[in-house]
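A.B. asks: Chains A and B, in that order, give the protein sequences.
Just so we're aligned, residue 1 is where the first sequence starts under my numbering, counting upward by one.
Just so we're aligned, residue 1001 is where the second sequence starts under my numbering, counting upward by one.
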Amino acid sequence: MEVKTFKGGAHVPHYKSYTENKPITRLSLPQEVIIPLLQCLGEPCEPLVKAGDKVKIGQKIGDSKEFFSAPVHASISGIVKAIEKRTVPSGGEDDCIVILADDGPQEFEMKQVRDPENVDLEIYRKCVREGGLVGMGGAALPTHIQTKHDDGVNTLLLNGAECEPFLTCDHRLMLEKTEALVKGAELKMKSIGAQRTLFGVEVNKPDAIKAINELIKDREDMEVVPLAVKYPQGFKSHLIKAATGRDVPRGARSAQLGCIVRNVGTTVAALEAYVYDKPMIERIVTVSGPKVARPGNYLVRIGTPASHILKECGMEEIENHKLVLGGPMTGLAQPHLEVPIVKCTTGVIILPPEMTREWMDYTDCVRCGKCVDHCPMMLYPNQISIWAEKDMYDEAEKGDLMDCIECGICSYICPAARPIVHWVQRAKPEIKKRQRSRK
Amino acid sequence: MSYDQKLVLSPAPHLKAKDTVSSAMFDVIYALMPVTLVSVVLFRYYAVLLIAVCLVTAVLTELLFRKILNKPVTLHDGSAIVTGLLVALLFGPGTPWWTAALATFIAIGLAKELMGGLGWNRFNPALFGRVAVILIYPLFYNVTAAFASLRPYFGPIDTISQATPLAMLMQGADLLPLSHLFFAYAGGSLSETSALAILVGGIFLIYKKHISWHMPAAIIGAVFIMAMVMGENPLYHILAGGVMIGAFFMATDWVTSPITLKGKVIFGVAIGVLLMLFRVLLAPTEGMAFSILLMNAFVPMIDRVTRRPSFSEPKEKTVPLLKRPGVRKPPVHGVGR
Ligand code: SF4
Ligand code: SF4
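1) Which stretch, first to last residue, makes up the alpha helix (DSSP H) that contains A:I212?
2) What three-state label does DSSP hand A:D94 in the structure shown?
3) Just to confirm before moving on: does the CB-CB distance between A:L29 and A:I76 stay below 8 Å?
4) Between B:E1232, B:I1266 and B:P1216, which lies nearest to B:M1343 when the distance is taken from Cα to Cα?
5) Do we get a CB-CB distance below 8 Å when we pair A:Y412 with the residues of chain B?
6) Quick check on B:T1260 - is its C-beta less than 8 Å from some C-beta in chain A?
7) Using a Cβ-Cβ cut-off of less than 7 Å, list which residues of the region 1251 to 1280 of chain B approach chain A; keep chain order.
8) Would you please state the rounded distance, in angstroms, between the beta carbons of A:E162 and A:G234? I believe it to be under 8 Å.
9) Determine the extent of the alpha helix (DSSP H) in which A:K433 is found, giving its start and end residues.
10) Strictly under 8 Å for the Cβ-Cβ distance: is A:K177 near chain B by that measure?
11) Who are the Cβ neighbours of A:E164 in its own chain at under 6 Å, not counting the five residues just before and after it?
12) So, does the CB of B:W1120 fall closer than 8 Å to a CB anywhere in chain A?
13) Closer than 7 Å, Cβ to Cβ, to anything on chain B: give me those residues from the region 389 to 406 of chain A, in chain order.
14) Closer than 7 Å by C-beta to A:H442: which residues in its own chain qualify, once you throw out the five before and the five after it? Chain order, please.
15) CB of A:G132 to nearest heavy atom of ligand 1: below 7 Å?
16) Which one of A:E312, A:S385, A:D247 and A:I212 has the shortest CA to CA distance from B:S1310?
17) Rounded to the nearest angstrom, what separates A:F6 and A:L48 at their Cα positions?
18) Consult DSSP for B:A1107 and reduce its assignment to one of helix, strand or coil.
19) Would you kindly work out how many angstroms separate the C-alpha atoms of B:L1176 and B:P1165, rounded to a whole number?
20) Of the residues A:K81, A:A82 and A:C45, which one's Cα is nearest the Cα of A:F67?
21) Alpha helix (DSSP H) containing A:R283: first to last residue?
22) Are A:Y412 and B:L1015 closer than 8 Å when you measure CB to CB?
23) Select from B:M1244, B:A1080, B:P1234 and B:P1258 the residue whose C-alpha is nearest the C-alpha of B:F1026.
24) Kindly list, in the order they appear in chain B, the residues whose Cβ is closer than 9 Å to that of A:D94.
25) Check whether the Cβ atoms of A:Q31 and A:L100 lie closer than 8 Å to each other.
26) Are there any heavy atoms of ligand 2 lying less than 7 Å away from the beta-carbon of A:P381, as far as the coordinates show?
27) Determine which residues of the region 290 to 324 of chain A have a Cβ less than 7 Å from any Cβ of chain B, and write them out in chain order.
28) Please report how far the alpha carbon of A:E397 lies from the alpha carbon of A:I431, in whole angstroms.
29) Pick out whichever of B:K1067, B:G1094 and B:P1011 has its Cα sitting closest to the Cα of B:I1051.
30) Under the assumption that A:G310 contacts A:P89 (Cβ atoms under 8 Å), give the Cβ distance between them as a whole number of angstroms.
31) Please list, in chain order, all residues of the same chain as A:K81 whose beta carbon is under 8 Å from its beta carbon, the five residues on each side excluded.
32) How big is the Cα-Cα spacing for B:F1043 and B:V1223?
33) Counting contacts by CB-CB distance shorter than 8 Å, is A:T345 in contact with chain B?
34) Within the region 62 to 94 of chain A, note down every full beta strand (DSSP E) run reaching 3 residues or more, in order along the chain.
35) Closest Cβ-Cβ distance between B:T1020 and chain A: below 8 Å?
36) Using beta carbons (cut-off 8 Å, strictly below), is B:G1202 in contact with chain A?
Structural data, given as structure tokens:
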């Protein structure tokens, strides 16, 4: 098997054994769901309901006229309790629609309304938009903005790398919903006018690779690309580089790159949106951590508070632990348990005190070169960290700070424990402001 | 209920590799143990005294300067101990202890703390201290004489310590068998007693990923080739004198060597070449210290010329996706339209 990869990057411990053999199971319904009006990289929705309204599962409850936006839906049937500020996983507080469950139907009816063999691309695109689909791997870009036919794009690249430690939701999905995945890929391929599909999967998921290969062995237009197990293999530009050999210059458009990258979960969700008219009301979430009694891959309704999930998984006492939504390399630590799962939440990870990286005392850079060796963007995190720490934004900008993908390797590996990514995140908006004012 | 629990909040990434500056420093100390032991076995109390004096001076100097500069004490990072030990290993057993103490004081006080502390120093502190006392030695001539009575006597030094191998080479004396130099030979400085012991320590550091093998290989390779070109005995030049300790422990110092692999190789080759020129044209000993310090000064320049472009920097030409060799399946046309 020819294994592909990119230069740089690091081997971060996987911690995947907690959940990689746990089949996807349905989690019990929460009493209350919290649906943030902004769940994508774009504009927030306007609420379409008001407090006291009765809503049905799957009903659209928020939408926006903006192109860069995706509607949100009720993930349970119930009564709108309030539209108010709640803590959201992306940090801080934001407008959310809070729904209290009632005795209405709580299962979405999976009734086939369209035939996937006979796809009407216009309707497909509309379904993706109306279903509120966003990238489920973490980026949360509205999916519908990339469903049009684009001449330069001949390859659909499906991202099943799942390089973040702990996470196994994509792995299980590729294994258990292989058929839907291949069907979904075919639909997607047609809609963007691509001629082939590559499934990029890290080789630590041999069962998933085998399952997909089994299904596509007679197809000329689909292929699995086995990828080396290395973080951040699943980041878009590095996936493209590894799978296709293409360089990914800054600001490159899909047409230039010849390919579009899609998360495997989103691909299946898009198929379901077309065939069953099913909006994004639930997703697979990996709940994991060394102390979690029942770790697993759970089908969870969007808006389910973390407290409910942890109760179901046998982990209620988490004083002094760290609750991370997403993967441990890029996910955000949450201030309390009443934060909802959103469309792009890949995992609920509980790190016990001995594993957490607290605000360690950091020191000056000792120029060990480890961050430089491992930075997948070929940057100089050591210099960038010194500039960003001291607010030397012009130097940082010249040092290509804006190219940083915030993968976290430099901070992970730095023996001086410098919080490099944190400084980068602080510097980025400032540099952007300067760039804008220069124009 | 669930609002009350105190959770840990800190920015991503939430995982951290185990290595810290102090664990790396202590690994260096472990790596220096073999040669330290060999030197103690060969030079007995003379070695013990030098090492003890340098370690104590290192710790006291660091405390003193941190106090004066009003900075937090960072003894736990182990770098003062590493520097102290390295300074001691750079001297021969007959060195007066105050010379070694002065060298340590200069290494830690001037070359490290006054330059901004660990990470900001431009020159390898231990070598800087060593070379500084060579250069200012004439000033201290009288002091040395006055202090002479303070030297402890542990037995006649000439019976334990023999001539420096490099001096023998230059004086045209009979050369030592290489195997002596490789395993153990009681001549020269403490660190020059056994190439094997240094090699063991160096391999440990490479295994621990604190240094990469490229730089020692570049230095030793350059010395080898230069010696051949200049008509010298290459193995003798590698095993005698400071090449081994310099290649594995001094040039590879994180703070004072280039940051990228490419830079490290350039740096190493330059050191090897300079060393041989120094030894053959100028003086038989101390060539390693001077070459490394000289190259330390060029590190920012090396870093600049070896600077690599960002991953997102647009390349001159891009290879068309479908014609690339290595993409196995040919494109299939007419699907899906
Ligand atoms: S500088 Fe950015 S891209 Fe490079 S390792 Fe650090 S976080 Fe990753
Ligand atoms: S890993 Fe940390 S100490 Fe090492 S060069 Fe990078 S910033 Fe400096």
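Backbone N, C-alpha and C define an ideal beta-carbon position, used for all residues, glycine too.
C.D. replies: From the atom records:
1) Here residue 212 of chain A corresponds to residue number 212 of the first sequence, with the count starting at 1. Here the alpha helix (DSSP H) through A:I212 covers P206 to I216.
2) Within the first sequence, residue 94 of chain A is the residue found at index 94, counting from 1. In this structure, DSSP gives A:D94 an extended state, which the three-state scheme calls strand.
3) Numbered from its first residue, the first sequence carries residue 29 of chain A at position 29. Numbered from its first residue, the first sequence carries residue 76 of chain A at position 76. Judged by beta-carbon spacing, A:I76 lies within the 8 Å limit of A:L29, meaning their Cβ atoms are closer than that value.
4) No statement about residue 1343 of chain B is possible, as the shown extent of chain B runs from 1001 to 1337 and does not include it.
5) Counting from one through the first sequence, the residue named residue 412 of chain A turns up at place 412. Answer yes: the Cβ-Cβ gap between A:Y412 and chain B drops below 8 Å somewhere.
6) Residue mapping note: residue 1260 of chain B aligns to position 260 of the second sequence, counting from 1. Judged by the 8 Å Cβ criterion, B:T1260 is in contact with chain A.
7) Across the region 1251 to 1280 of chain B, CB contacts with chain A closer than 7 Å involve W1254, V1255, I1259 and T1260, in sequence order along the chain.
8) Counting from 1 along the first sequence, the entry for residue 162 of chain A is found at position 162. Counting from 1 along the first sequence, the entry for residue 234 of chain A is found at position 234. Taking the Cβ atoms as the reference, A:E162 lies roughly 6 Å from A:G234, within the contact range of under 8 Å.
9) Indexing the first sequence from 1 puts residue 433 of chain A at position 433. Its alpha helix (DSSP H) spans residues I420 to R438.
10) Numbered from 1 along the first sequence, position 177 holds the residue referred to as residue 177 of chain A. No - not a single Cβ of chain B is within 8 Å of the one on A:K177.
11) On the first sequence, residue 164 of chain A is found 164 positions in, with the first residue counted as 1. Same-chain partners within the cutoff: G327 and M329.
12) If you number the second sequence from 1, residue 1120 of chain B lands on position 120. B:W1120 has a beta carbon lying within less than 8 Å of a beta carbon in chain A.
13) Of all residues in the region 389 to 406 of chain A, D400 and D403 have a Cβ within less than 7 Å of some Cβ in chain B.
14) There is no way to answer for residue 442 of chain A, as the model of chain A reaches only from 1 to 439.
15) As a first step, residue 132 of chain A must be located in the first sequence, where it is residue number 132. No, the Cβ of A:G132 stays beyond 7 Å of every heavy atom of ligand 1.
16) For the purposes of this step, residue 1310 of chain B is identified with residue 310 of the second sequence, where counting begins at 1. Nearest Cα to B:S1310 within the set A:E312, A:S385, A:D247 and A:I212: A:D247.
17) Along the first sequence, one-based indexing puts residue 6 of chain A at 6. Along the first sequence, one-based indexing puts residue 48 of chain A at 48. Rounded to the nearest angstrom, the two C-alpha atoms are 46 Å apart.
18) On the second sequence, position 107 is the one that residue 1107 of chain B refers to. In the structure shown, B:A1107 sits in a helix (DSSP, three-state: H, G or I).
19) Taking the first residue of the second sequence as position 1, residue 1176 of chain B is located at position 176. Taking the first residue of the second sequence as position 1, residue 1165 of chain B is located at position 165. If you take the alpha carbons of B:L1176 and B:P1165, they lie about 7 Å apart.
20) Start at 1 with the first residue of the first sequence, and residue 67 of chain A comes out as number 67. Answer by Cα proximity: A:C45.
21) Start at 1 with the first residue of the first sequence, and residue 283 of chain A comes out as number 283. Where A:R283 is concerned, there is no enclosing alpha helix (DSSP H), although the beta strand (DSSP E) it sits in stretches over E282 to S288.
22) Counting from 1 along the first sequence, the entry for residue 412 of chain A is found at position 412. Counting from 1 along the second sequence, the entry for residue 1015 of chain B is found at position 15. Using a Cβ distance threshold of 8 Å, A:Y412 and B:L1015 count as a contacting pair.
23) Position 26 of the second sequence, counted from the start, is the residue given in the question as residue 1026 of chain B. The shortest C-alpha separation from B:F1026 is found at B:A1080.
24) Position 94 of the first sequence, counting from 1, holds the residue named residue 94 of chain A. Those do not exist, as A:D94 stays about 18 Å from chain B at its closest Cβ, beyond 9 Å.
25) To locate residue 31 of chain A, count along the first sequence from 1; it is residue 31. To locate residue 100 of chain A, count along the first sequence from 1; it is residue 100. In this structure, A:L100 lies closer than 8 Å to A:Q31 by Cβ.
26) On the first sequence, residue 381 of chain A is found 381 positions in, with the first residue counted as 1. The answer is yes for A:P381.
27) Residues are counted here when their Cβ sits less than 7 Å from a Cβ of chain B; for the region 290 to 324 of chain A these are S307, I318, E319, N320, H321, K322, L323 and V324, given in chain order.
28) What you label residue 397 of chain A is simply residue 397 of the first sequence in a count that begins at 1. What you label residue 431 of chain A is simply residue 431 of the first sequence in a count that begins at 1. Distance between the alpha carbons of A:E397 and A:I431: 7 Å.
29) Numbered from its first residue, the second sequence carries residue 1051 of chain B at position 51. Comparing alpha carbon positions, the residue from B:K1067, B:G1094 and B:P1011 closest to B:I1051 is B:G1094.
30) Taking the first residue of the first sequence as 1, we reach residue 310 of chain A at position 310. Taking the first residue of the first sequence as 1, we reach residue 89 of chain A at position 89. Looking at the sequence shown, residue 310 of chain A is not Gly but Leu. Incorrect: roughly 14 Å between the Cβ atoms, too far for contact.
31) Numbered from 1 along the first sequence, position 81 holds the residue referred to as residue 81 of chain A. Residues of the same chain with a CB within less than 8 Å of the CB of A:K81, apart from the 5 flanking positions on each side, are E32, A51, V98, I99 and L100 in chain order.
32) As a position in the second sequence, residue 1043 of chain B is number 43, starting the count at 1. As a position in the second sequence, residue 1223 of chain B is number 223, starting the count at 1. Going from the Cα of B:F1043 to the Cα of B:V1223 covers about 28 Å.
33) Numbered from its first residue, the first sequence carries residue 345 of chain A at position 345. No, A:T345 does not count as interfacial toward chain B.
34) If we require 3 residues or more, the beta strand (DSSP E) runs fully inside the region 62 to 94 of chain A come out as 78 to 87.
35) Position 20 of the second sequence holds residue 1020 of chain B. Interface residue, yes.
36) Within the second sequence, numbered from 1, the residue matching residue 1202 of chain B stands at position 202. Closer than 8 Å: no.
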